[in-house]
Amino acid sequence: MLHIISKVPLTAPLFDRLGTNASDSVIVIGDAVITLMREGEWANYWDAVLANMNVSVLAVDLALRGIGESDIVCGLNIVDYLGFVDLTVDHPVMHSWH
(Lines of atoms letter the chains of each structure in order from A; the text may use other names.)
(Lines give C-alpha, C1' and ligand atoms only; values in the text may rest on other atoms or scores of the structure.)
Protein backbone atom coordinates (compact mmCIF):
# COMPACT_ATOMS: atom_id res chain seq x y z
CA MET A 13 0.00 0.00 0.00
CA LEU A 14 1.11 3.54 -0.70
CA HIS A 15 0.26 5.97 2.08
CA ILE A 16 -0.10 9.52 0.74
CA ILE A 17 0.24 12.14 3.46
CA SER A 18 -0.64 15.65 2.37
CA LYS A 19 -2.20 17.59 5.23
CA VAL A 20 -1.29 18.80 8.69
CA PRO A 21 -1.70 18.45 11.57
CA LEU A 22 -0.55 14.86 11.85
CA THR A 23 -1.60 12.61 14.69
CA ALA A 24 0.13 9.93 16.74
CA PRO A 25 -2.44 7.28 15.61
CA LEU A 26 -1.35 7.89 12.01
CA PHE A 27 2.20 6.97 12.95
CA ASP A 28 0.96 3.90 14.83
CA ARG A 29 -0.47 2.70 11.52
CA LEU A 30 2.67 3.44 9.48
CA GLY A 31 5.65 1.16 9.65
CA THR A 32 3.64 -1.95 10.40
CA ASN A 33 4.08 -3.43 6.94
CA ALA A 34 7.57 -3.24 5.42
CA SER A 35 6.16 -3.67 1.91
CA ASP A 36 4.21 -0.41 2.26
CA SER A 37 5.62 2.95 1.25
CA VAL A 38 4.84 6.53 2.21
CA ILE A 39 4.98 9.70 0.18
CA VAL A 40 4.72 13.07 1.89
CA ILE A 41 3.38 15.91 -0.23
CA GLY A 42 1.79 19.32 0.13
CA ASP A 43 1.77 21.02 3.50
CA ALA A 44 2.73 17.78 5.26
CA VAL A 45 6.35 18.21 4.14
CA ILE A 46 6.86 20.65 7.00
CA THR A 47 6.52 17.70 9.42
CA LEU A 48 9.75 16.27 8.01
CA MET A 49 11.95 18.94 9.57
CA ARG A 50 14.98 17.44 11.29
CA GLU A 51 14.45 19.64 14.34
CA GLY A 52 10.64 19.44 14.27
CA GLU A 53 8.21 17.88 16.70
CA TRP A 54 7.54 14.93 14.38
CA ALA A 55 11.18 14.01 13.63
CA ASN A 56 11.27 11.08 16.09
CA TYR A 57 8.04 9.69 14.63
CA TRP A 58 9.48 9.85 11.11
CA ASP A 59 12.72 8.21 12.26
CA ALA A 60 10.70 5.26 13.59
CA VAL A 61 8.77 4.90 10.33
CA LEU A 62 11.97 5.15 8.27
CA ALA A 63 13.42 2.24 10.23
CA ASN A 64 10.73 -0.02 8.77
CA MET A 65 9.64 1.31 5.41
CA ASN A 66 10.40 3.48 2.41
CA VAL A 67 9.42 7.15 2.85
CA SER A 68 9.56 9.60 -0.05
CA VAL A 69 8.92 13.31 -0.29
CA LEU A 70 7.95 15.32 -3.34
CA ALA A 71 10.84 17.63 -4.24
CA VAL A 72 8.68 20.43 -5.61
CA ASP A 73 6.77 20.69 -2.33
CA LEU A 74 10.02 21.05 -0.40
CA ALA A 75 11.23 23.72 -2.81
CA LEU A 76 7.96 25.67 -2.67
CA ARG A 77 8.35 25.92 1.10
CA GLY A 78 12.05 26.78 1.05
CA ILE A 79 13.01 23.50 2.72
CA GLY A 80 16.37 22.02 1.75
CA GLU A 81 17.56 18.44 1.95
CA SER A 82 19.75 19.31 4.95
CA ASP A 83 16.65 20.55 6.81
CA ILE A 84 14.75 17.25 6.77
CA VAL A 85 15.17 13.95 8.60
CA CYS A 86 17.76 11.58 7.15
CA GLY A 87 16.82 8.62 5.01
CA LEU A 88 14.04 10.14 2.94
CA ASN A 89 13.85 9.60 -0.80
CA ILE A 90 13.35 12.89 -2.59
CA VAL A 91 11.34 12.28 -5.75
CA ASP A 92 9.97 14.27 -8.65
CA TYR A 93 6.54 13.76 -10.20
CA LEU A 94 7.79 10.78 -12.22
CA GLY A 95 9.02 9.19 -8.99
CA PHE A 96 5.57 9.74 -7.51
CA VAL A 97 4.03 8.00 -10.50
CA ASP A 98 6.48 5.11 -10.09
CA LEU A 99 5.34 4.72 -6.48
CA THR A 100 1.70 4.52 -7.58
CA VAL A 101 2.60 1.86 -10.14
CA ASP A 102 4.56 -0.13 -7.53
CA HIS A 103 1.69 0.21 -5.01
CA PRO A 104 -1.68 0.04 -6.79
CA VAL A 105 -3.50 0.17 -3.43
CA MET A 106 -3.31 3.67 -1.96
CA HIS A 107 -4.60 5.43 1.12
CA SER A 108 -4.63 9.21 1.31
CA TRP A 109 -4.31 10.63 4.82
CA HIS A 110 -5.82 14.08 5.22
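According to our numbering, the sequence shown holds residues 13 to 110 in order. Note that beta-carbon positions come from the ideal geometry of N, C-alpha and C, so glycine has one too.
Please determine, among the options, the residue with the shortest C-alpha to C-alpha distance to residue i.
i: V20; options: V40, S68 and V61; result: V40
i: C86; options: S68, D92 and V72; result: S68
i: G42; options: T100, H107, D73 and S82; result: D73
Using only the alpha-carbon positions, how far apart do residue i and residue j sit?
i: S37; j: I84; result: 18 Å
i: S35; j: V91; result: 18 Å
i: T23; j: G78; result: 24 Å
i: D59; j: L94; result: 25 Å
i: E53; j: T47; result: 7 Å
Excluding the five sequence neighbours on either side, which residues of its own chain have a C-beta within less than 6 Å of the C-beta of residue i, listed in chain order?
i: I17; result: V40, A44 and W109
Under 8 Å by Cβ, that's how I've got residue i and residue j pegged, so tell me the actual separation to the nearest angstrom.
i: N89; j: N66; result: 7 Å
i: V105; j: M13; result: 5 Å
For residue i, which residues of its own chain have a beta-carbon under 7 Å away from its beta-carbon, when the five flanking residues on both sides are left out?
i: L57; result: Just to set this straight, residue 57 is Tyr in the shown sequence, not Leu. Correct list, in chain order: F27.
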